[in-house]
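Reviewing the structure listed below.
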Amino acid sequence: MLVAFTGTTNIADAVTRVALPLLTVGITTSPMVVTAVASLMTLPWLLTSLHIGVFVDRMDRRTLMMAAEMARTLSVAAILLAYFFEMVNLPLIYLVALVLGLADVLAGVSGAAILPNAIPKKRWQKVSERITGLEYLANGFLGTPIGGFLTAAGFAIAFGVSGLVYAVGALLLLSLVGKFKVEPTTERKSVHAEIKDGLGFLFGNKLLRTMSLMITVMAACWGAWLALIPVYAVGGPLGLSAEQYGLLLTWLGAGGVVGSLLVGRINKLLGRRWSMFVDIIGSFALVAAPAFLPAEPGSAFLIGAAAFVAGAGGVMWTANSRVITQTFVPAEMMGRYSAAARMIAWGASPIAAFLSGVIAQFAGYRWAFGIFAALCLAIVIPFFRVVTPEAVAAVDQPDEPEDADDKKGTEDKPEEAKA
Numbered sequence: 001m002l003v004a005f006t007g008t009t010n011i012a013d014a015v016t017r018v019a020l021p022l023l024t025v026g027i028t029t030s031p032m033v034v035t036a037v038a039s040l041m042t043l044p045w046l047l048t049s050l051h052i053g054v055f056v057d058r059m060d061r062r063t064l065m066m067a068a069e070m071a072r073t074l075s076v077a078a079i080l081l082a083y084f085f086e087m088v089n090l091p092l093i094y095l096v097a098l099v100l101g102l103a104d105v106l107a108g109v110s111g112a113a114i115l116p117n118a119i120p121k122k123r124w125q126k127v128s129e130r131i132t133g134l135e136y137l138a139n140g141f142l143g144t145p146i147g148g149f150l151t152a153a154g155f156a157i158a159f160g161v162s163g164l165v166y167a168v169g170a171l172l173l174l175s176l177v178g179k180f181k182v183e184p185t186t187e188r189k190s191v192h193a194e195i196k197d198g199l200g201f202l203f204g205n206k207l208l209r210t211m212s213l214m215i216t217v218m219a220a221c222w223g224a225w226l227a228l229i230p231v232y233a234v235g236g237p238l239g240l241s242a243e244q245y246g247l248l249l250t251w252l253g254a255g256g257v258v259g260s261l262l263v264g265r266i267n268k269l270l271g272r273r274w275s276m277f278v279d280i281i282g283s284f285a286l287v288a289a290p291a292f293l294p295a296e297p298g299s300a301f302l303i304g305a306a307a308f309v310a311g312a313g314g315v316m317w318t319a320n321s322r323v324i325t326q327t328f329v330p331a332e333m334m335g336r337y338s339a340a341a342r343m344i345a346w347g348a349s350p351i352a353a354f355l356s357g358v359i360a361q362f363a364g365y366r367w368a369f370g371i372f373a374a375l376c377l378a379i380v381i382p383f384f385r386v387v388t389p390e391a392v393a394a395v396d397q398p399d400e401p402e403d404a405d406d407k408k409g410t411e412d413k414p415e416e417a418k419a
């Protein structure tokens with residue numbers, strides 16, 4: 001059910017992420033105004049994720065995921081009604097973007113925390129690859145062109161379909177059987193004390209800390225690209241239609257699908273770190289392409305090709321980093337750790353989205369994309385110094401006997417994290 005839920009909710013996400021900025025482009029083509037939509041959709045990662053992580057560790061994680069799905073459904077219904085009655089305006093678009101972003105935090109942290117409890121350790125790698133690949137398939141390869149074509153058919157159709165699919169996702173979660181509330185092994189502390197524990201666990205581990213800081217830079221590159229590309233491609237130099245814009249984003253999803261098929265083979269052939277390194281290459285290519293290619297429609301193909309590499313790298317990093325996290329982080333800490341790591345990493349997205357809009361507004365698109373390309377190159381050295389074969393060796397250790405796992409649970413994971 002987790003896999004099916006991932007597919008439905010990511011398709012709906014893709015449609016709203018195409019439709020909402022394009023709805024804004026219909027009101028204004030100002031880069032600052034349009035990129036504010038993407039900023040608000042990611043801002044909750046910066047502002048709320050730490051507190052949400054505590055609640056994820058205290059409450060039933062499936063219930064929280066259902067609450068997030070219902071919030072998405074209601075917010076899309078609100079923009080749909082406003083569109084029918086010709087009452088759409090920028091404040092309403094911004095409010096819906098913020099609610100969708102908040103729901104994304106709740107669902108994302110809960111989903112990351114629920115996985116180790118839902119499946120045995122021996123299946124973590126395979127399930128992580130499938131879920132990550134499906135995210136890119138549904139959110140990019142299928143979802144974005146669907147979003148482009150639905151938006152071209154009418155905003156009412158696009159938002160109506162996404163709202164319906166969100167509702168289906170909530171129903172799928174009802175069929176998820178199991179216990180998804182982790183009982184604490186120690187006495188509960190205050191919310192702020194538990195937030196401090198999550199941050200302490202993250203920053204106390206060199207590998208996890210460095211990975212988090214590197215993904216912060218790459219998330220900033222992606223945040224800038226995703227915020228600027230609607231106005232750059234549709235309202236700006238590329239001059240694409242909504243359908244063509246959806247197809248451009250399809251390259252990102254297509255790369256993710258290919259990456260999900262290759263990640264296991266590359267892990268075995270070259271090692272986990274080289275598989276993850278593809279994401280740095282892809283993130284650089286993603287923002288470097290529009291920075292250095294001619295600002296004309298003919299560049300759309302090469303920009304799409306760069307997005308393909310970025311999509312493949314994104315899957316390879318995500319699938320591997322999820323298994324690394326599941327190996328080193330105790331189940332009862334998973335919500336707080338995931339929230340802390342994503343707050344730092346994904347919290348860069350709204351800042352990058354805003355800054356990219358400001359830079360594009362006053363200095364031009366080349367500078368906006370080029371600055372983030374330079375930042376991406378800067379993380380190559382720390383990657384090879386910290387993400388070594390020895391650092392990730394514990395991930396590939398043979399599973400313990402199943403009955404031993406049941407007895408030990410996660411008792412020795414804190415020691416693994418200190419290694």
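As numbered in UniProt numbering, residues 1 to 419 make up the sequence shown, in order. For every residue, glycine included, the Cβ atom is placed at its ideal position computed from N, Cα and C. For clarity, every value in this text was computed on a predicted model and none was experimentally measured.
Item to check | Where D60 falls: helix, strand or coil (DSSP) | outcome: One-based indexing of the sequence shown puts residue 60 at position 60. The answer is coil: DSSP assigns D60 none of H, G, I, E or B.
Next on the checklist: Taking the alpha carbon of L262 as the reference point, which residue from V96, A288, L74 and M276 has its own alpha carbon closest?
Outcome noted: Translated into the one-based positions of the sequence shown, residue 262 becomes position 262. Of the listed residues, the one whose Cα sits closest to L262 is M276.
Next on the checklist: Is the separation between the beta-carbon of V109 and that of I52 shorter than 8 Å?
Outcome noted: By 1-based counting over the sequence shown, the position of residue 109 is 109. By 1-based counting over the sequence shown, the position of residue 52 is 52. Going by C-beta atoms, V109 is nearer than 8 Å to I52.
Checklist entry - In chain order, what residues of the same chain lie with their CB nearer than 8 Å to the CB of G370, ignoring the 5 residues before and after it? => result For the purposes of this step, residue 370 is taken as the residue at position 370 of the sequence shown. If we look at G370 and ignore the five residues flanking it on each side, its Cβ neighbours are V287, A288, A291 and F292.
Item to check | Selection from I379, M87 and Y365 that minimises the alpha carbon distance to I27 | outcome: Reading the sequence shown from its first residue, position 27 is the one you call residue 27. The option with the nearest alpha carbon to I27 is M87.
Next on the checklist: Quick check: what's the CA-CA separation for Y337 versus F5?
Outcome noted: Within the sequence shown, residue 337 is the residue found at index 337, counting from 1. Within the sequence shown, residue 5 is the residue found at index 5, counting from 1. Y337 and F5: Cα-Cα distance of roughly 23 Å.
Item to check | Three-pair Cβ contact test at 8 Å for the region 347-364 versus the region 190-207 | outcome: no
Checklist entry - Under 8 Å between the Cβ atoms of A19 and A158? => result Position 19 of the sequence shown, counted from the start, is the residue given in the question as residue 19. Position 158 of the sequence shown, counted from the start, is the residue given in the question as residue 158. In contact: A19 and A158 (Cβ atoms closer than 8 Å).
Checklist entry - In whole angstroms, what is the alpha-carbon distance linking K181 and V395? => result Position 181 of the sequence shown, counted from the first residue, corresponds to residue 181. Position 395 of the sequence shown, counted from the first residue, corresponds to residue 395. Cα to Cα, the separation comes out at about 25 Å.
Checklist entry - Do you know how far the Cα of I351 is from the Cα of W45? => result Counted from its first residue, the sequence shown places residue 45 at position 45. Counted from its first residue, the sequence shown places residue 351 at position 351. Distance between the alpha carbons of W45 and I351 is about 11 Å.
Item to check | Terminal residues of the alpha helix (DSSP H) in which T327 lies | outcome: If you number the sequence shown from 1, residue 327 lands on position 327. Taken as a continuous stretch (DSSP letters only), the alpha helix (DSSP H) holding T327 covers A300 to F328.
Next on the checklist: On the CB-based measure, 16 or more other CB atoms within 10 Å of its CB, does F372 come out buried or exposed?
Outcome noted: Indexing the sequence shown from 1 puts residue 372 at position 372. F372 comes out buried.
Next on the checklist: On the DSSP letters alone, give me the boundaries of the alpha helix (DSSP H) that R188 sits inside.
Outcome noted: By 1-based counting over the sequence shown, the position of residue 188 is 188. No alpha helix (DSSP H) holds R188; DSSP gives it neither H nor E.
Checklist entry - When we look at the beta-carbon of R342 and count the other beta-carbons within 10 Å, is it buried (16 or more) or exposed? => result Counting from one through the sequence shown, the residue named residue 342 turns up at place 342. Buried, since its Cβ has 16 or more Cβ neighbours within 10 Å.
Item to check | Other residues of its chain near F203: CB distance less than 8 Å, five sequence neighbours each side excluded | outcome: Counting from one through the sequence shown, the residue named residue 203 turns up at place 203. Correct list, in chain order: R209.
Next on the checklist: Nearest by alpha-carbon distance to L252: which of K206, L213, F201 and G314 is it?
Outcome noted: Here residue 252 refers to the residue found at position 252 when the sequence shown is read from its first residue. If we check each option's Cα against that of L252, G314 comes out closest.
Item to check | Beta-carbon proximity check, A242 vs L377, cutoff 8 Å | outcome: As a position in the sequence shown, residue 242 is number 242, starting the count at 1. As a position in the sequence shown, residue 377 is number 377, starting the count at 1. Their beta carbons are not under 8 Å apart, which means A242 does not touch L377 by this criterion.
Checklist entry - Any idea what DSSP makes of E243, helix, strand or coil? => result Taking the sequence shown and counting its residues from 1, the one referred to as residue 243 is at position 243. Helix at E243.
Item to check | Simplified DSSP assignment, three categories, for F85 | outcome: The count along the sequence shown starts at 1 and reaches residue 85 at position 85. Looking at F85 - three-state DSSP - the assignment turns out to be coil, as it is neither helix nor strand.
Item to check | alpha helix (DSSP H) runs wholly inside the region 323-374, at least 4 long, in chain order | outcome: 334-346 and 348-362
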